[in-house]
Each structure stands twice: as structure tokens, then as C-alpha cells.
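For the record, the sequence lines run as chains A, S, H and V. With the first letter of the first sequence counted as 1, position 61 gets the number 61 in my numbering; the numbers rise by one all the way through. With the first letter of the second sequence counted as 1, position 105 gets the number 237 in my numbering; the numbers rise by one all the way through. With the first letter of the third sequence counted as 1, position 63 gets the number 327 in my numbering; the numbers rise by one all the way through. With the first letter of the fourth sequence counted as 1, position 15 gets the number 411 in my numbering; the numbers rise by one all the way through. Quick reminder that beta carbons are idealized off the backbone N, C-alpha and C, glycines included.
Number of protein chains: 4
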Amino acid sequence: MPKEFTEVPEGFNPFGDLLGIVFTAYGEGRSRCELEPRRDLINPHGVLHGGVIYSMVDFGMGAALYSVMDENELCATVEIKITYLKSVREGKLACESRVIDRRRRIAVLESEVRNGEEIVAKALGTFYVYEQ
Amino acid sequence: MPKEFTEVPEGFNPFGDLLGIVFTAYGEGRSRCELEPRRDLINPHGVLHGGVIYSMVDFGMGAALYSVMDENELCATVEIKITYLKSVREGKLACESRVIDRRRRIAVLESEVRNGEEIVAKALGTFYVYEQ
Amino acid sequence: MPKEFTEVPEGFNPFGDLLGIVFTAYGEGRSRCELEPRRDLINPHGVLHGGVIYSMVDFGMGAALYSVMDENELCATVEIKITYLKSVREGKLACESRVIDRRRRIAVLESEVRNGEEIVAKALGTFYVYEQ
Amino acid sequence: MPKEFTEVPEGFNPFGDLLGIVFTAYGEGRSRCELEPRRDLINPHGVLHGGVIYSMVDFGMGAALYSVMDENELCATVEIKITYLKSVREGKLACESRVIDRRRRIAVLESEVRNGEEIVAKALGTFYVYEQ
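Here it is, written out as C-alpha cells:
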């Protein structure tokens with residue numbers, strides 16, 4: 001049974017809060033988080049900065065993996081490769097992540113970020129799982 | 133001759149300002165930017181979030197490339213792969229980026245992020261260059 | 265309408281022939297190629313070498329992209345990131361590739377390599393399209 | 397002290413032999429391997445296939461890592477991202493690989509492939525180390 005995000009105490013995720021990332025689904029090796037572009041998240045070209053979209057992916061992969069980990073396990077991002085397909089000026093982003101493969105120490109995940117129907121970014125990442 | 137960062141008007145880089153990324157060197161296909169970890173940039177594990185380090189890389193690569201672009205050219209991140217080597221709890225991060233290869237439309241860049249002497253992350257990325 | 269692979273003269277694809285890569289589907293931004301492990305494609309650990317699986321991906325992405333290119337266009341691999349999920353000792357590999365996004369100069373593709381039902385590798389790549 | 401490649405019995409590396417990859421240096425977390433382009437390694441465009449260059453990288457990273465592993469350890473490629481900078485029609489390729497970071501289970505490596513003085517490809521990869 002998936003762990004509940006409500007276990008996470010308020011203020012426990014400062015960077016997610018700073019960006020305004022909100023999780024709307026979580027469990028069984030999957031997660032979905034959302035973000036609304038804000039004026040302080042744009043880059044010098046006037047579009048949402050790639051680091052914001054990347055952060056959704058990194059958070060989303062972590063949450064998807066966390067949902068299939070044991071109580072005494074923690075995880076860390078080893079590497080993520082992200083490809084940008086469209087720039088974002090307005091709308092609402094949703095990032096869906098899922099565990100593709102989970103071995104004892106290594107997990108492989110993928111994410112897709114959409115702005116409405118449009119795919120904005122795709123990512124493939126590797127996480128390391130260890131015992132506390 | 134490299135373009136000057138001082139051309140960028142105050143407030144033109146909202147997301148960089150939000151994270152506290154400061155450029156300390158720029159020109160000839162290279163850039164260096166710095167960031168000091170803050171409490172609102174950490175992840176639920178209490179370490180600097182990977183998205184902050186990634187954002188230094190994305191900004192840094194863009195600046196390095198911008199220094200060798202023509203006046204009428206713009207660039208966009210196609211993809212970046214980042215690998216994390218160490219977690220960061222305190223210190224001061226410096227991200228050095230450089231253009232490895234510049235063709236007419238495509239540029240390849242690499243970045244290394246250090247915390248003092250320690251390498252924290254390495255990245256390899258592709259940017260697209262186009263005319264305004 | 266997709267171009268036909270039968271246009272490619274015998275002997276035009278020496279490295280694909282060396283590895284024994286056979287295309288079984290091609291068109292509309294997709295391709296499928298297959299390969300049977302052979303004793304001369306294994307690595308020192310006795311499993312199919314990762315370079316063989318990578319080569320299926322690189323060929324497969326190229327073919328998928330070629331199917332949506334104009335007559336006077338050529339393409340080149342910019343970069344590919346491949347993640348291995350399972351090692352292969354026997355069986356028959358099938359690599360399915362598809363174009364996720366096609367802009368004028370840049371295309372983004374993904375591939376999945378299976379050994380029977382089992383996913384063996386996933387890849388995300390970028391290609392450059394240019395006029396002859 | 398680095399293990400010697402001469403421990404590897406003839407015929408133990410069938411795919412490396414098929415491609416003509418020859419190791420010329422190995423030890424202390426580094427390796428160097430070479431390859432001469434041959435007519436049966438080219439792609440339909442008449443240039444050396446990217447899978448050949450990738451295979452040099454995968455072999456080279458494995459060898460570099462193997463040089464710092466214990467007797468009872470084995471390694472497997474988790475993922476590699478390779479970026480191509482120049483196409484190769486003739487010359488002689490040399491791939492230099494090195495371990496950037498070695499933790500207990502995870503190693504991060506980078507490779508640079510040159511054709512004479514020209515950089516042909518760069519790669520960044522992750523390997524998993526386990527006990528036999």
C-alpha cells in the first residue's frame with residue numbers, strides 16, 4: 001500500500017513550496033505533480049525556466065519511487081536526462097512520473113511533462129536506493 | 133569580443149534571482165556562476181535540491197554559449213543530462229560551463245559544479261541556436 | 265507516404281549487416297528492428313554487449329525519423345542516452361523507435377528494446393535534420 | 397595496483413574483437429582504447445556508425461572502472477549518454493575514459509573519443525558495481 005504524502009509535515013519540502021509544486025497523485029510507482037507558471041520562474045527570454053520543469057521531474061521521480069520503497073529505505077537522484085520539446089509561457093504544467101524498473105539498489109524512472117495536451121518535456125533518470 | 137552581462141537589465145532574470153545565482157565570469161565560450169545554499173532550496177532529506185544545481189548548469193551553459201553567439205542569435209536548451217556526485221548541505225557552489233562544440237544550429241556544452249574542491253555534479257548538454 | 269526501405273541497395277548498410285539488424289516495420293515516424301544474439305556479440309561477462317543494443321537504438325531512431333523526412337533531407341545523431349534494464353543471454357531482441365517531436369532542424373526520439381515481453385533498454389535521443 | 401588486461405584470455409571479448417577495439421592503456425581508474433574505421437563499420441551515409449563509437453566508450457568505461465575494482469567485484473553499465481561532435485570517415489580513433497567518482501555500488505565515468513586531435517564524441521555514464 002502506498003505511503004501517504006500527508007505524512008510529510010508542512011514546511012518539510014521548502015524548495016517544492018518555493019516553486020509551487022503540488023502533488024495531486026501518488027502511489028504504486030507513479031506520481032503526478034502540477035505547477036502554475038509565475039513571473040518569478042521565467043528566464044531572460046520570458047519563458048518558464050528549464051530548471052523549474054526539471055525540478056518537477058526530479059521531485060516527481062522521487063515521489064514515484066518513494067511509493068514503492070520500504071519504510072527503512074531512502075533514495076537519491078543519480079542522474080537525470082531531460083529533453084525539452086516546447087517552451088512554456090502560460091498554462092498549467094502536469095508532470096507524470098513512473099518507475100520503469102526497480103532493482104535492489106537502482107531504480108529507473110521516466111517522466112512526461114505536459115502543458116494541457118502538449119508534451120513539454122520528457123525525462124529518463126536513475127535513482128539509488130539505500131537503507132537508513 | 134564577449135557581450136557584457138551588464139547589458140541585462142535588473143529584474144530581467146527572475147528565476148536566477150529567486151535562486152540567488154550570481155555570474156562571476158563570462159566570455160569566450162565559458163561562464164562561471166555561484167550560489168549559496170539557503171534553507172528554502174533544500175529537499176525533504178535536508179540537502180540542496182537537485183533542481184537548484186541543475187538550474188545553475190542550465191543558466192551557466194546558456195551564458196557560456198551566449199558569449200560566442202552573434203547579436204541576432206538566440207538559443208534554447210534542447211536537452212541536458214546531469215549526474216550528481218555528492219550531496220550538498222552547506223558551503224558555496226560554483227558552476228563552470230564551457231562550449232565544447234559550436235556548429236551553426238547546434239552547440240554542445242559541459243558543466244562542472246563544485247562545492248569548494250569537491251565535484252558535486254557534472255553535466256553534458258545540447259543547445260539550439262537560431263536567428264531572431 | 266513513408267519511403268520504402270527496399271530503396272536501400274543491398275550492401276548499403278554494412279554495420280547493420282555485420283550485427284544482423286533486420287528492419288521489420290517502418291513508416292509514419294516509427295520503426296521496428298530485430299536482432300538475434302550471436303556468440304560474437306557478447307561481452308567478457310557472457311552477455312550481449314551494450315553496444316549492440318545501443319546500435320539497434322541508433323539505427324531504429326534514424327529509420328523512424330527518415331520515414332517523416334523530405335526527399336532532400338538527411339539526418340545525423342546528435343546524442344542518445346540509453347539505460348539498460350536487463351542483461352541479455354539469449355532470446356530475440358526487438359527495438360521499437362518513434363519520433364516524439366519534429367521541428368525543422370531538431371527531432372526527438374525514443375526507443376524501447378524488448379527481449380520477448382521483458383524491457384531490456386530504454387533510450388531518448390536527439391537528431392539533427394539538414395538539407396543535402 | 398591495476399589488474400592486467402593480459403589476464404583476459406584470447407577470445408574472451410568477442411564483440412570487441414569483431415569491431416577491432418584494442419586497449420593500449422589501462423589502470424588507476426583510466427583506460428585508452430583504439431579503433432581503425434573499416435568498411436564494414438560504416439552507416440548508410442558512408443561514415444563510421446555511431447554504435448561503433450558508443451561501443452568504444454562502453455568498453456573503455458568498463459575497463460577504467462575494472463582497474464579500481466576489487467577481485468571479487470563485477471560491474472554492469474547502468475546508462476550512458478553520448479554526444480557526437482564530428483563524423484568520422486577515416487583516421488584512427490582513440491577513446492580515453494576515466495572514473496570521476498566511485499562509491500560502493502555506483503561509479504560515474506566520462507569518455508572522450510578523438511580522431512587525431514579532433515574530439516569526435518563525449519560521453520557520461522553510470523555503472524553498477526556488485527559482488528560476485
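Helix, strand or coil for Leu-217(S) per DSSP? coil
Measuring only between beta-carbons, confirm whether Val-113(A) sits less than 8 Å from chain S. no
At least 3 beta-carbon pairs within less than 8 Å: the stretch 485-501 of chain V vs the stretch 361-381 of chain H: no
Beta-carbon neighbours of Asp-147(S), restricted to chain A and to distances below 7 Å: Checking the sequence shown, residue 147(S) turns out to be Phe, not Asp. The contacting residues are Asp-40, Leu-41, Ile-42, Asn-43, His-49, Gly-51 and Val-52.
Residue range of the beta strand (DSSP E) that includes Val-68(A): DSSP places Val-68(A) in no beta strand (DSSP E); its state is neither H nor E.
Close-in-space but distant-in-sequence residues of the same chain around Glu-271(H) (CB under 8 Å, 5 per side omitted): With a pLDDT of 47 at Glu-271(H), under the threshold of 50, the modelled position of that residue is not reliable, and the figure given next carries that caveat. Nothing meets the Cβ criterion.
Please report how far the alpha carbon of Ile-153(S) lies from the alpha carbon of Gly-416(V), in whole angstroms. Straight-line spacing of the CA atoms in Ile-153(S) and Gly-416(V) works out to 47 Å.
In chain order, what residues of the same chain have a beta carbon less than 7 Å from the beta carbon of Val-210(S), not counting five sequence neighbours either side? Thr-258, Phe-259 and Tyr-260
Span of the beta strand (DSSP E), counted from its first residue to its last, around Phe-411(V): Run containing Phe-411(V): none in the beta strand (DSSP E); it sits in the alpha helix (DSSP H), 410-415.
In this structure, what does DSSP give as the bridge partners for Gly-125(A)? Ile-80(A) and Leu-109(A)
Same chain only: Cβ atoms within 6 Å of Thr-24(A), ignoring 5 sequence neighbours per side: Arg-32 and Glu-34
With Asp-436(V) as the anchor, note down where its beta strand (DSSP E) starts and where it stops. Unbroken run through Asp-436(V): none, as it is neither H nor E.
If the cut-off is 7 Å on Cβ atoms, which residues from the stretch 335-365 of chain H count as contacting chain A, listed in chain order? For the stretch 335-365 of chain H, which is checked against every Cβ of chain A, the residues closer than 7 Å are Lys-345, Thr-347, Leu-349, Ile-364 and Asp-365.
If we ignore side chains and look at the alpha-carbon of each, how far apart do Ser-94(S) and Arg-237(S) end up? Residue 94(S) cannot be examined here, being either before or after the span of chain S that is shown, 133 to 264.
Can you tell me whether Lys-122(A) is buried or exposed? The criterion is at least 16 other CB atoms within 10 Å of its CB, across all chains shown. buried
Is Ile-515(V) close to chain A, meaning its C-beta is less than 8 Å from at least one C-beta of that chain? no
For chain D, find out if any of its Cβ atoms is closer than 8 Å to the Cβ of Leu-282(H); answer yes or no. Within the model displayed, chain D is absent; protein chains A, S, H and V are what it includes.
Short of 6 Å in beta carbon distance, which residues of its chain neighbour Met-1(A), apart from the five on each side in sequence? Order them along the chain. Because the pLDDT at Met-1(A) is just 33, under 50, the model does not fix this residue reliably, and the value given afterwards should be weighed accordingly. Correct list: empty, nothing qualifies.
Between which two residues does the beta strand (DSSP E) holding Leu-312(H) run? Here Leu-312(H) belongs to no beta strand (DSSP E), and DSSP marks it neither H nor E.
Proximal residues of chain H, C-beta to C-beta of Val-108(A) below 8 Å: Thr-347, Leu-349 and Lys-386
I'd like to check one pair, Glu-28(A) with Ser-67(A): are the Cβ atoms closer than 8 Å? yes
Across which residues does DSSP place Glu-514(V) in a beta bridge pair? Asn-511(V)
Residue-chain proximity (Phe-12(A), chain S), Cβ-Cβ < 8 Å: Closer than 8 Å: yes.
Using the C-alpha atoms, what's the distance from Glu-250(S) back to Lys-135(S)? In this predicted model, Lys-135(S) has a pLDDT of only 45, less than 50, meaning its place in the structure is not dependable; the value taken from the coordinates is given anyway. Using only the alpha carbons, I get a separation of about 31 Å.
What does Thr-126(A) touch in chain H if you count any residue whose Cβ is under 8 Å from its own? Those are Thr-347, listed as they occur along chain H.
Assign Leu-470(V) to one of two classes, buried (16 or more other C-beta atoms within 10 Å of its C-beta) or exposed (fewer than that). The residue in question, Leu-470(V), is exposed, as its Cβ has fewer than 16 Cβ neighbours within 10 Å.
Between Ser-295(H) and chain V, is there a C-beta pair that is closer than 8 Å? no
Please tell me whether Val-252(S) and Lys-218(S) are closer than 8 Å, where the distance is taken between their beta carbons. Yes, these two residues count as a Cβ contact at 8 Å.
Would you say Glu-117(A) touches the ligand GDP, meaning its beta carbon is less than 7 Å from a heavy atom? As presented, the structure is devoid of all ligands, the ligand GDP included, so that no description of it is given.
Cutting at 7 Å between CB atoms, please list the residues of its own chain near Gly-182(S), excluding the five before and the five after it. Tyr-216
Determine the burial state of Gly-280(H): buried for a count of at least 16 other Cβ atoms within 10 Å of its Cβ, exposed for fewer. buried
Per-residue burial, Lys-345(H) [other beta carbons within 10 Å of its own, 16 or more giving buried]: buried
Inter-residue Cα distance where the pair is Ala-195(S) and Asn-175(S): 27 Å
Quick check on DSSP: helix, strand or coil for Phe-191(S)? Reduced to three states, the DSSP call for Phe-191(S) is helix.
Could you give the distance in angstroms between the alpha-carbon of Val-504(V) and the alpha-carbon of Ala-76(A)? 15 Å
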